[in-house]
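Inspection log for the structure reproduced underneath, given as C-alpha cells.
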Amino acid sequence: HTTTYGEYVAGELHGLADHRDDSGKLLSRGRFERDVRTGVAEEFDDFGGRIIGRVASDGELTGDQIVYVFPDGVTALVGTFREGVFETGRYSKLTKSL
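Quick note: to get the numbering used here, add 21 to the position in the sequence shown (first position is 1).
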C-alpha cells in the first residue's frame with residue numbers, strides 16, 4: 022500500500038508528487054501533468070539506491086542517459102534503462118554525494 026502526496030487538479034495528479042509506503046519511506050518522486058509523470062523522476066529501491074532520469078512520454082524511466090546511484094551515493098551506472106530496468110551502460114562516480 023502506498024500514499025501519494027501531491028497536488029491534484031480536476032482529480033488528476035498535476036505538479037510535484039511523492040509516493041511513500043505505509044512506514045513513510047520514499048518510493049518515488051517527480052512531476053506529473055494530468056496523472057502522467059513528466060520531466061526528471063527518481064525511484065528509490067529497498068537497498069538505498071535510486072534511479073534518476075528523464076521519463077519517456079508514457080511516464081516510464083525508459084531511455085538513454087538514465088542513472089542508477091548505488092547506496093553509497095557516489096558510485097553510479099549511467100546508461101540505457103527500459104521501464105526502470107538497467108540494460109546497458111558504464112560505471113561512473115558522482116563528483117558530489119547525493
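Every residue, glycine too, gets a C-beta built ideally from N, C-alpha and C.
Taking C-alpha atoms, which residue in the options lies nearest to residue i?
| i | options | result |
| --- | --- | --- |
| Asp-79 | His-22, Ala-97, Glu-104, Asp-66 | Glu-104 |
| Arg-41 | His-22, Arg-52, Glu-28 | His-22 |
| Ser-118 | Ala-77, Arg-52, Ala-97, Glu-81 | Ala-97 |
| Val-76 | Gly-94, Ser-49, Phe-91, Val-95 | Ser-49 |
| Thr-109 | Gly-84, Gly-27, Glu-28, Val-61 | Gly-84 |
From what residue to what residue does the beta strand (DSSP E) around residue i run?
| i | result |
| --- | --- |
| Gly-32 | Counting along the chain, Gly-32 falls outside any beta strand (DSSP E), and DSSP gives it neither H nor E. |
| Arg-58 | 57 to 65 |
| Ala-77 | Taken as a continuous stretch (DSSP letters only), Ala-77 belongs to no beta strand (DSSP E), as it is neither H nor E. |
| Lys-117 | That residue, Lys-117, is in no beta strand (DSSP E); it is neither H nor E in DSSP. |
| Arg-49 | Residue identity check: residue 49 is Ser in the sequence provided, not Arg. Its beta strand (DSSP E) spans residues 47 to 54. |
By the 10 Å Cβ neighbour count, where 16 or more other Cβ atoms means buried, how is residue i classified, buried or exposed?
| i | result |
| --- | --- |
| Leu-9 | The requested residue 9 does not occur in the structure, where the chain is confined to residues 22 to 119. |
| Gly-32 | exposed |
Exercise. Can you find at least 3 beta carbon pairs, one from the region 30 to 45 and one from the region 66 to 82, that sit closer than 8 Å?
Worked result: Counting C-beta pairs with one atom in each stretch, the region 30 to 45 and the region 66 to 82 have fewer than three that are closer than 8 Å, which means they do not touch.
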